[in-house]
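>
Protein chains: 2
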Amino acid sequence: MKVVETIAEMQSISARLIAEGKEIGFVPTMGYLHEGHLALMKKAKEENPVVVSSIFVNPLQFGPTEDYETYPRDFERDYALAEEAGVDYLFYPSVREMYPGKRTVEVKVTSRTNCLCGRTRIGHFDGVATVLLKLFSIIRPTRAYFGLKDAQQVAVVSGLIEDFNLPVQLRPVPTVREKDGLAKSSRNVYLTKEERNEAKELYAALLIGKGLIERGERNPETVLAAVRNHLVTSLSGSIEYVEVLSYPDLEAIRKLEGQIILAVAVRFSKARLIDNIILQV
Amino acid sequence: MKVVETIAEMQSISARLIAEGKEIGFVPTMGYLHEGHLALMKKAKEENPVVVSSIFVNPLQFGPTEDYETYPRDFERDYALAEEAGVDYLFYPSVREMYPGKRTVEVKVTSRTNCLCGRTRIGHFDGVATVLLKLFSIIRPTRAYFGLKDAQQVAVVSGLIEDFNLPVQLRPVPTVREKDGLAKSSRNVYLTKEERNEAKELYAALLIGKGLIERGERNPETVLAAVRNHLVTSLSGSIEYVEVLSYPDLEAIRKLEGQIILAVAVRFSKARLIDNIILQV
Chain A
1 MKVVETIAEM
11 QSISARLIAE
21 GKEIGFVPTM
31 GYLHEGHLAL
41 MKKAKEENPV
51 VVSSIFVNPL
61 QFGPTEDYET
71 YPRDFERDYA
81 LAEEAGVDYL
91 FYPSVREMYP
101 GKRTVEVKVT
111 SRTNCLCGRT
121 RIGHFDGVAT
131 VLLKLFSIIR
141 PTRAYFGLKD
151 AQQVAVVSGL
161 IEDFNLPVQL
171 RPVPTVREKD
181 GLAKSSRNVY
191 LTKEERNEAK
201 ELYAALLIGK
211 GLIERGERNP
221 ETVLAAVRNH
231 LVTSLSGSIE
241 YVEVLSYPDL
251 EAIRKLEGQI
261 ILAVAVRFSK
271 ARLIDNIILQ
281 V
Chain B
1001 MKVVETIAEM
1011 QSISARLIAE
1021 GKEIGFVPTM
1031 GYLHEGHLAL
1041 MKKAKEENPV
1051 VVSSIFVNPL
1061 QFGPTEDYET
1071 YPRDFERDYA
1081 LAEEAGVDYL
1091 FYPSVREMYP
1101 GKRTVEVKVT
1111 SRTNCLCGRT
1121 RIGHFDGVAT
1131 VLLKLFSIIR
1141 PTRAYFGLKD
1151 AQQVAVVSGL
1161 IEDFNLPVQL
1171 RPVPTVREKD
1181 GLAKSSRNVY
1191 LTKEERNEAK
1201 ELYAALLIGK
1211 GLIERGERNP
1221 ETVLAAVRNH
1231 LVTSLSGSIE
1241 YVEVLSYPDL
1251 EAIRKLEGQI
1261 ILAVAVRFSK
1271 ARLIDNIILQ
1281 V
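Listed in order, the protein sequences are those of chains A and B.
Just so it is clear: in the first sequence, position 26 is 26 by my numbering, and no numbers are missing.
Every position in the second sequence, counted from 1, becomes a number in my numbering once 1000 is added.
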């Protein structure tokens, strides 16, 4: 596995791969890799002769009160994991390399963001869209892999690709979970022991909602009340949201039908966890 | 020359050309071709084995009071001219093809626009940046050709390419002029006979400014006054702006040094004409 730190070198590698007719699978990450990332890399490896991954903690997608400075980082460990997962090129640019000076153009995500994480993480998805437009231009992937744990991000990226006709296929990959159901996340390391034990209840709550829907419930309010009730009674964190929306448009629905997302966010002492289930009703 | 009307077909042609290792020269236009466009096509032909041009009157870059509906169109004539100029593929999508529904992501140009045409054409460069991001994704050119008559557009596109690391080389091409100096423009057809005769004074005024600078004048105000004075006394149109700025950053300068642009805009009865000179001082 080759580590590439400059945009110019990465672009010249991409250009060469494309000239050789090689399809590129791309897995963008912020590092501190876990099995969720490794599942993306494995999938990319299955579907493409060359896999590029990136590690870049993108300051643009963190709000001023968020954890940009303290976001967990461990390049040595990430390097070993990515290599083992079959990554061919690891793009690892500095902030200065990605954002060298004053920007003249901004990307604004105007839809799919006034809900779920977008409601409190102002500007987060603008930062995500900006860095992805850059990474797609630098790496020029045939396919890009995203975990469905960040389902709103997948919806936003899908819109970004459609709106700008980007020549990349979006490949969403199911959430990888711990044995007790907790969705894998780099931020799980922030949890205290008690919180870690409670954290499994996010997924348990989603499964309660799923069960209701599968048994025929079509009223969003009934499902949301049941999910919220489980969270309130089973964990100490504060509930940031419990929502059910159409997917990927992320619009409010009065009746549960079509493709929907049931999603929750809970704030613990140092970690904010999210989880979701996407269902075809 | 092949005419391509759908994004899907154009993207599959681009993918094939790229797989064959062919470099693509791209000339985006809004049609109603004149010798300015043909100079771009000729340059593209010299530098690339394949030339793609597009004809698309982009509604996003017209303000509500501007001439979107009446913008001159003549596809038959454009087809013949583009073919004669050596264009291989003419991308000619409908508005519905380019903007099929609700957009979820917007591009906003935040710099280089609070001056010259950007001051009055609110949102114009956002529309230009949006359509170019799309066209670059669809056509995937190695090089893209733009006329320097729209020097502010060239500056904005340069920022767009830099900010998003787009894998395309920007190739600005000098303004093509009529014998009397009038810059070629699709909008020249709007001029009355008297106005057409006066229109040559835009360039004459710029040359007066250029002459002063070449003879050592470094005070922007002195140069602007001379240019403005010439316009006021030689034509009936109303002056929209006379400006001298750094180029391509388009920032105000107190002393004429470095690369600068001297630019004018004049509004006639039905046409708004622009012209400029870029100088290394």
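Heads up, the beta-carbon is just placed ideally off N, CA and C, and yes, glycines get one too.
In its own chain, which residues sit with a C-beta less than 7 Å from the C-beta of B/T1284, not counting the 5 before and 5 after it?
One cannot answer for residue 1284 of chain B here, as it falls past the ends of chain B, which runs 1001 to 1281.
> The alpha helix (DSSP H) with A/A226 in it runs from where to where?
Taking the first residue of the first sequence as 1, we reach residue 226 of chain A at position 226. From DSSP, the alpha helix (DSSP H) with A/A226 extends over 220-234.
> B/S1158 by DSSP, collapsed to three states: which one?
The count along the second sequence starts at 1 and reaches residue 1158 of chain B at position 158. The answer is helix: DSSP assigns B/S1158 an H, G or I state.
> So A/R140 and A/R171 are supposed to be a Cβ contact under 8 Å. How far apart are they, rounded?
Position 140 of the first sequence, counted from the first residue, corresponds to residue 140 of chain A. Position 171 of the first sequence, counted from the first residue, corresponds to residue 171 of chain A. At roughly 16 Å, the Cβ-Cβ gap does not stay under 8 Å, so A/R140 and A/R171 are not in contact.
> Return the CA-CA distance between A/T130 and B/V1051, expressed in angstroms with no decimal places.
Within the first sequence, numbered from 1, the residue matching residue 130 of chain A stands at position 130. Within the second sequence, numbered from 1, the residue matching residue 1051 of chain B stands at position 51. Taking the straight line from one Cα to the other gives about 29 Å.
> Just to make sure I have the definition right: I need the residues of chain A whose C-beta is within less than 7 Å of the C-beta of B/L1166. Which are they?
The residue given as residue 1166 of chain B occupies position 166 in the second sequence. Near B/L1166 (Cβ distances below 7 Å), the residues of chain A are S137.
> What does DSSP give as the partner residues of B/S1238 in its beta bridges?
The count along the second sequence starts at 1 and reaches residue 1238 of chain B at position 238. In the DSSP output, where bridge partners are listed per residue, B/S1238 has B/R1267.
> Beta-carbon separation of A/G36 and A/V57 under 8 Å?
For the purposes of this step, residue 36 of chain A is taken as residue 36 along the first sequence, with counting starting at 1. For the purposes of this step, residue 57 of chain A is taken as residue 57 along the first sequence, with counting starting at 1. No, the Cβ-Cβ distance between A/G36 and A/V57 is not below 8 Å.
> Can you tell me which of B/S1014, B/Q1152, B/A1015, B/I1055 puts its alpha carbon nearest to the alpha carbon of B/A1265?
As a working mapping, residue 1265 of chain B is identified with position 265 in the second sequence. Cα-wise, what sits closest to B/A1265 is B/Q1152.
> By a C-beta neighbour count over all protein chains shown, 10 Å radius and 16 as the cutoff for buried, is A/E198 buried or exposed?
Here residue 198 of chain A refers to the residue found at position 198 of the first sequence. By the 10 Å Cβ count, A/E198 comes out buried.
> Can you tell me where the beta strand (DSSP E) holding A/F75 begins and where it ends?
By one-based count along the first sequence, residue 75 of chain A stands at place 75. First-last for A/F75: 75-84, but that is the alpha helix (DSSP H), not the beta strand (DSSP E).
> Just the C-alpha distance for A/A226 and A/R187, rounded to the nearest angstrom, thanks.
Position 226 of the first sequence, counting from 1, holds the residue named residue 226 of chain A. Position 187 of the first sequence, counting from 1, holds the residue named residue 187 of chain A. Approximately 26 Å between the Cα atoms of the pair.
> For a cutoff of 8 Å on Cβ pairs, would you count A/P38 as touching chain B?
The residue given as residue 38 of chain A occupies position 38 in the first sequence. The sequence given here places Leu at residue 38 of chain A; Pro does not occur at that position. False, the Cβ-Cβ gap to chain B never drops below 8 Å.
> So, does the CB of B/T1222 fall closer than 8 Å to a CB anywhere in chain E?
The chain inventory of the structure shown lacks chain E, comprising the protein chains A and B.
> Which residues in the same chain have their Cβ closer than 7 Å to the Cβ of B/C1115, if we skip the five residues on either side of it in sequence?
As a first step, residue 1115 of chain B must be located in the second sequence, where it is residue number 115. Here the set comprises E1243, L1245, L1250.
> When the cut-off is 8 Å and only beta carbons count, does B/S1111 lie next to chain A?
Counted from its first residue, the second sequence places residue 1111 of chain B at position 111. Taking Cβ atoms only, chain A reaches closer than 8 Å to B/S1111, which makes this a yes.
> Assign B/H1043 to one of two classes, buried (16 or more other C-beta atoms within 10 Å of its C-beta) or exposed (fewer than that).
Numbered from its first residue, the second sequence carries residue 1043 of chain B at position 43. It should be pointed out that residue 1043 of chain B corresponds to Lys in this sequence rather than to His. The residue is buried, with at least 16 neighbouring Cβ atoms inside 10 Å.
> What is the residue span of the beta strand (DSSP E) that A/N298 lies within?
Limits of chain A in this structure are 1 at one end and 281 at the other, which puts residue 298 of chain A out of reach.
> Quick one: complete beta strand (DSSP E) runs, 3+ long, within the stretch 1004-1050 of chain B?
Within the stretch 1004-1050 of chain B, the complete beta strand (DSSP E) runs of at least 3 residues are 1024-1029.
> Please report how far the alpha carbon of A/Y92 lies from the alpha carbon of A/Q11, in whole angstroms.
The sequence position of residue 92 of chain A within the first sequence is 92, counting from 1. The sequence position of residue 11 of chain A within the first sequence is 11, counting from 1. Answer to the nearest angstrom: the Cα atoms are 13 Å apart.
> Check each candidate in A/Q169, A/G159, A/M98, A/T113 and name the one with the smallest Cα separation from A/I138.
Walking along the first sequence from the start, residue 138 of chain A turns up at place 138. Checking every option, the nearest Cα to that of A/I138 belongs to A/M98.
> Helix, strand or coil for B/S1137 per DSSP?
Locating residue 1137 of chain B in the second sequence gives position 137, where the first residue counts as 1. Note: B/S1137 maps to helix in three-state DSSP.
> Going by beta carbon distance, what residues of the same chain come within less than 7 Å of A/R96, once the five residues before and after it are set aside?
Taking the first residue of the first sequence as 1, we reach residue 96 of chain A at position 96. Same-chain partners within the cutoff: there are none.
> Just list the residues that DSSP pairs B/A1144 with in beta bridges.
In the second sequence, counting from the first residue as 1, residue 1144 of chain B sits at position 144. Looking at the DSSP assignment, B/A1144 forms a beta bridge with B/F1026, B/L1170.
> In whole angstroms, what separates the C-alpha of A/I260 from that of A/V4?
The residue labelled residue 260 of chain A in the question sits at position 260 within the first sequence. The residue labelled residue 4 of chain A in the question sits at position 4 within the first sequence. Computed Cα separation, rounded: 39 Å.
> Could you name the residues of the same chain whose beta carbon sits closer than 6 Å to that of B/R1267, not counting the 5 residues immediately before and after it, in chain order?
Sequence index remark: in the second sequence, residue 1267 of chain B carries index 267 (1-based). Same-chain partners within the cutoff: G1237, S1238, E1240.
> Report the neighbours of B/G1258 on chain A: residues whose CB is nearer than 8 Å to its CB, in chain order.
The residue given as residue 1258 of chain B occupies position 258 in the second sequence. Simply none; closest approach about 17 Å.
> When the Cα of A/P72 is compared with those of A/H34, A/I161, A/K102, A/R16, which residue comes out closest?
Taking the first sequence and counting its residues from 1, the one referred to as residue 72 of chain A is at position 72. Per the Cα distances, A/H34.
> For a test of the three-state rule: what should DSSP assign to A/E251, helix, strand or coil?
As a first step, residue 251 of chain A is located in the first sequence; it is residue number 251 there, counting from the start. Residue state, collapsed to three classes: coil.
> Please state whether DSSP places A/V87 in a helix, a strand or coil.
As a first step, residue 87 of chain A must be located in the first sequence, where it is residue number 87. Here A/V87 sits in coil by DSSP.
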